[in-house]
Structure formats: structure tokens, C-alpha cells
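Below you'll find the structure, written out as C-alpha cells, and then a few comments.
In the working numbering, the protein residues as written are 3 to 148.
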């Protein structure tokens, strides 16, 4: 699994001009899934992300986690994270998992976060989505389960 994580003060996702997911302070997470990914990958990243210390403490140092601040996650599926741009001018998405596999693992990922006490909002899997966010910092990280 591959994640792009952005620390946000707010974020939302809209489908067909309707807001389907919205959060306050927390993380906007783009989630990419490849063929070899398993529930173990989802569990590893879920544990890692909720404990990742990227939020400021009272001294302005990044010492607090999502759990520490009671933050939220906006999770949006993003198959293009596995786009290969090394050849030609059009990305190749052969490394992205097919929708039937990706959907199940994406839903499991979101469930694992909720089991850890995190409020999780989502986009609509497979839909054309508009994402708005206010990146705080800015802080943006890439994470891989491999």
C-alpha cells in the first residue's frame, strides 16, 4: 500500500457537487493499493499513521500523534499513486490493484482506523472526486507498506 499523508486543519471531498466526506483537524490520506497488498499491509500502515507524531505540542515541536490530538482522517482511494511514468507520456496503471481487490482492502484499512478510535470520513470509491484541503505546515509525507 502507498499513502500520501497531509496534515490538515480541514479537508473535504465532493462527488457530483455533494460533500460526501469532511473533517476538521487531522490528516488527508490518499490511499493506493497494489496487487500484492494484504490485510497485514493495511494493519501496519493503520498502526503507523495513528501514532505518527506530526502535530505540534505546546512548544511548537512535532511530538503529538493523531490519537494525542483527537484528530480525524479523510481517506480517499487513489489508484493513480501506482502510476508508472518512466516510459512514454501516458502513465501506466498496471501496478494498481483491480477495483474488486482494492475496494475490499480499502474498506478494511478504514475499518482498522476506526477500531483504533479515529473518526474516518471517505470519498466514494471509483468516483470522480474533488478534494479540498488546507495543508497545515505544509506537512506532506509518503508512506509505503513494503
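Don't be surprised by glycine CBs; every beta carbon is placed ideally from N, CA and C.
DSSP three-state call for residue i: helix, strand or coil?
{"i": "residue 129", "result": "coil"}
{"i": "residue 28", "result": "strand"}
{"i": "residue 12", "result": "strand"}
{"i": "residue 69", "result": "helix"}
{"i": "residue 59", "result": "coil"}
{"i": "residue 75", "result": "strand"}
{"i": "residue 86", "result": "strand"}
{"i": "residue 41", "result": "helix"}
Who are the near neighbours of residue i in its chain, counting only those whose CB is closer than 6 Å to its CB and skipping five residues on each side?
{"i": "residue 96", "result": "none"}
{"i": "residue 21", "result": "14"}
{"i": "residue 4", "result": "34, 83, 146"}
{"i": "residue 143", "result": "7"}
{"i": "residue 141", "result": "9, 56"}
{"i": "residue 122", "result": "75, 77, 112, 115, 116"}
Counting only the same chain and skipping the five closest in sequence on each side, list residues whose C-beta sits under 7 Å from that of residue i.
{"i": "residue 129", "result": "17"}
{"i": "residue 43", "result": "3, 147"}
{"i": "residue 64", "result": "55, 56, 57, 58"}
{"i": "residue 87", "result": "93"}
{"i": "residue 138", "result": "9, 10, 11"}
DSSP beta-bridge partners for residue i?
{"i": "residue 3", "result": "Beta-bridge pairing links residue 3 to no other residue."}
{"i": "residue 17", "result": "20"}
{"i": "residue 33", "result": "5, 79"}
Throw me the rounded Cβ distance for the residue i and residue j pair, which I believe falls under 8 Å.
{"i": "residue 57", "j": "residue 70", "result": "7 Å"}
{"i": "residue 23", "j": "residue 68", "result": "In fact, because the Cβ distance is near 16 Å, the residues do not count as touching under 8 Å."}
{"i": "residue 28", "j": "residue 10", "result": "6 Å"}
{"i": "residue 47", "j": "residue 78", "result": "About 15 Å; that fails the 8 Å criterion."}
{"i": "residue 61", "j": "residue 26", "result": "Going by Cβ atoms, the distance from residue 61 to residue 26 rounds to 23 Å, so no, they are not a contact pair."}
{"i": "residue 110", "j": "residue 41", "result": "6 Å"}
Mind listing, in chain order, the continuous alpha helix (DSSP H) runs of no fewer than 4 residues lying wholly within the stretch 88-148? Here the runs fully enclosed are 101-117.
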